[in-house]
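Some notes on the structure that comes next.
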Amino acid sequence: MRVLISADMEGVTGVTCPEDCEYGDPRWESARHLMMSDVNAAVAGFYESGATQVIVNDAHATKRNLILSELDSRATAIIGTHKEWGMLQGIAESDVLALVGYHTGAGHQGILAHTYIGQSIRDVHVNGVSSSEGRMNTLLASEFGVPVVLVTGDDLTCDDAATYAPDSEMVAVKECIDRYTARCLPPSVSAAKIREAASAALAKKHAVATQAGPFTFDVFFDSANPVMACTAIPGVQASGETAVTFTLPTMRETMRCFKVVSTMTSASREAEYG
Ligand SMILES: [Zn+2]
-19 MRVLISADME GVTGVTCPED CEYGDPRWES ARHLMMSDVN AAVAGFYESG ATQVIVNDAH
41 ATKRNLILSE LDSRATAIIG THKEWGMLQG IAESDVLALV GYHTGAGHQG ILAHTYIGQS
101 IRDVHVNGVS SSEGRMNTLL ASEFGVPVVL VTGDDLTCDD AATYAPDSEM VAVKECIDRY
161 TARCLPPSVS AAKIREAASA ALAKKHAVAT QAGPFTFDVF FDSANPVMAC TAIPGVQASG
221 ETAVTFTLPT MRETMRCFKV VSTMTSASRE AEYG
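Using my numbering, you'd call the opening residue of the sequence shown number -19 and step up by one each time.
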């Protein structure tokens, strides 16, 4: 059984504020160790249950967060910004998927809730359903025939996962009090829970979510400027003063288009006004 761990950072044990996730910040430097603790716990649990290969794909921001010297020696890590399948690089060589350190979507409660970029995007609907990164990646993975078997993050991320991957094992490593405030488990305690859940996850059979295309993305912004920037992309149309829409036959194509939409959205922003 070949396992892909997509490792994000906002849902990692003890991570509660933007500085914990910002490349180069002293708080980020210490949060990277917490990320490795959660990741290694999942790696250990999967090998306990018969995994033959575990790839850890760095899925946060610049995707240069994992500390290779701390990685379980049985796993390999994909570290680097530009990759065809982004948060799911390695999916084509894997049988099951784990979402570690995930978070809720933009416009919802949850620790560091956002969708792709921390500001500007207010919500994203996929075929009319408000969708977190976890939900989008589950749909994308299903096109590769790969089920989600484990999700870790705060308690609200687990509630979200129950709607898109109900058969997966879920571990809440912290309880959301507000977007930047959580009641956190110590890393040793969350590691034990993640290890046990990862081991249990491979012992079960998992159905692959199936949802046929086409897929329509509606992206809602908190201001008008991203609309002009994003409609430069062929096929992306304005659907309101502060929203764009696009439709493509598969999640493979919509996720690649959404990556460009989020890049153009970031490029359209000004520091103070957004
Ligand atoms: Zn992230």
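Note that CB positions come from ideal geometry on N, CA and C, so glycine has one too.
### Query
Among Asn117, Val216, Glu2 and Arg44, which has the Cα closest to the Cα of Thr190?
Nearest to Thr190 by C-alpha distance, out of Asn117, Val216, Glu2 and Arg44, is Asn117.
### Query
Nearest CA to the CA of Ile47: which residue from Trp8, Ala162 and Ala181?
The option with the nearest alpha carbon to Ile47 is Trp8.
### Query
Got a sec? Which residues, its chain only, sit under 7 Å from Val128 by beta carbon, not counting five neighbours each side?
Hits under 7 Å: Leu77, Leu79, Thr118, Ala121, Ala145 and Ser148.
### Task
Could you tell me the distance, in whole angstroms, from the CA atom of Ala24 to the CA atom of Thr234?
Ala24 and Thr234: Cα-Cα distance of roughly 34 Å.
### Query
Can you tell me whether Asp158 is buried or exposed, with buried defined as 16 or more other CB within 10 angstroms of its CB?
Counting Cβ neighbours within 10 Å, Asp158 comes out exposed, since fewer than 16 surround it.
### Query
Nearest to Ser111 by alpha carbon, out of Cys237, Tyr96, Cys(-3) and Ser100?
Measuring from the Cα of Ser111, the nearest candidate turns out to be Tyr96.
### Query
When we look at the beta-carbon of Ala152 and count the other beta-carbons within 10 Å, is it buried (16 or more) or exposed?
With 16 or more other Cβ atoms inside 10 Å of its own Cβ, Ala152 counts as buried.
### Task
Go through its chain and collect everything with a Cβ distance to Asp287's Cβ below 8 Å, but skip five positions before and after it.
Residue 287 is absent from the structure shown; the chain starts at -19 and stops at 254.
### Task
Check whether the Cβ atoms of Met(-19) and Ala41 lie closer than 9 Å to each other.
With contacts defined by Cβ atoms closer than 9 Å, Met(-19) and Ala41 do not form a contacting pair.
### Message
Which residue marks the beginning of the alpha helix (DSSP H) containing Thr13, and which one marks its end?
### Response
Per the sequence shown, the amino acid found at residue 13 is His instead of Thr. Its alpha helix (DSSP H) spans residues Pro6 to Glu28.
### Cβ neighbours of Phe200 in the same chain (closer than 6 Å, five flanking residues each side left out)
Arg102, Asp103 and Ala223, listed in sequence order.
#### Entry: DSSP state of Phe195 mapped onto helix, strand, coil
Under the three-state reduction of DSSP, Phe195 is assigned to strand.
### Message
Please identify the residue among Thr211, Ala251 and Glu221 whose C-alpha is closest to the C-alpha of Met244.
### Response
Nearest in C-alpha terms to Met244, of all of Thr211, Ala251 and Glu221, is Thr211.
### Task
May I ask whether a heavy atom of ligand 1 can be found less than 8 Å away from the beta carbon of Asp(-12)?
Yes, ligand 1 has a heavy atom inside 8 Å of this Cβ.
### Task
Since I believe Asn37 is in contact with Met(-15) (beta carbons under 8 Å), could you give me their beta-carbon distance rounded to a whole number of angstroms?
Residue identity check: residue -15 is Ile in the sequence provided, not Met. The C-beta distance from Ile(-15) to Asn37 rounds to 7 Å, short enough to meet the 8 Å contact threshold.
### Query
Alpha carbon to alpha carbon, what distance is there between Trp65 and His105?
Going by the C-alpha atoms only, they are around 20 Å apart.
### Message
Is any non-hydrogen atom of ligand 1 found closer than 8 Å to the C-beta of Cys(-3), if you look at the structure I gave you?
### Response
No, ligand 1 has no heavy atom inside 8 Å of this Cβ.
### Query
When we look at the beta-carbon of Pro6 and count the other beta-carbons within 10 Å, is it buried (16 or more) or exposed?
Label assigned to Pro6: exposed.
### Message
Comparing C-alpha positions only, which one of Ala21, Glu123, Asn20 and Ser53 sits nearest to Gly71?
### Response
Reading the sequence as shown, one finds Ile at residue 71 and not Gly. Of the candidates Ala21, Glu123, Asn20 and Ser53, Glu123 places its Cα closest to the Cα of Ile71.
### Query
For Arg175, which of helix, strand or coil comes out of DSSP?
Three-state DSSP puts Arg175 in a helix.
### Task
Tell me where the alpha helix (DSSP H) around Arg115 begins and ends.
Glu113 to Glu123 is the span of the alpha helix (DSSP H), which, as asked, contains Arg115.
### Task
Write down every uninterrupted run of the beta strand (DSSP E) in the stretch 53 to 113 whose length is 3 residues or greater and which is fully enclosed by it, in chain order.
For the stretch 53 to 113, the continuous beta strand (DSSP E) assignments of 3+ residues that do not extend past its boundaries occur at 56 to 58, 76 to 80 and 101 to 106, in sequence order.
### Message
Going by beta-carbon coordinates alone, are Met67 and Glu113 separated by less than 9 Å?
### Response
Between Met67 and Glu113, the C-beta spacing is below 9 Å.
### Task
Check the DSSP bridge columns for Asp134 and list the partner residues they point to.
In the DSSP output, where bridge partners are listed per residue, Asp134 has Lys154.
### Query
In its own chain, which residues sit with a C-beta less than 8 Å from the C-beta of Leu228, not counting the 5 before and 5 after it?
Cβ within range, chain order: Gly193, Pro194, Phe195, Gly215, Thr234 and Cys237.
### Message
When you measure from the CB of Cys1 to every non-hydrogen atom of ligand 1, does any distance come out below 8 Å?
### Response
Yes, the beta carbon of Cys1 sits closer than 8 Å to at least one heavy atom of ligand 1.
### Query
Cβ of Ala39 within 8 Å of any heavy atom in ligand 1?
Taking non-hydrogen atoms of ligand 1 into account, the C-beta of Ala39 is found less than 8 Å away from one of them.
### Message
Between which residues of its own chain and Ala172 is the CB-CB distance below 8 Å, once the five residues before and five after are set aside?
### Response
If we look at Ala172 and ignore the five residues flanking it on each side, its Cβ neighbours are Ala21.
#### Entry: Cα-Cα separation between Met16 and His94, rounded to whole angstroms
Going from the Cα of Met16 to the Cα of His94 covers about 22 Å.
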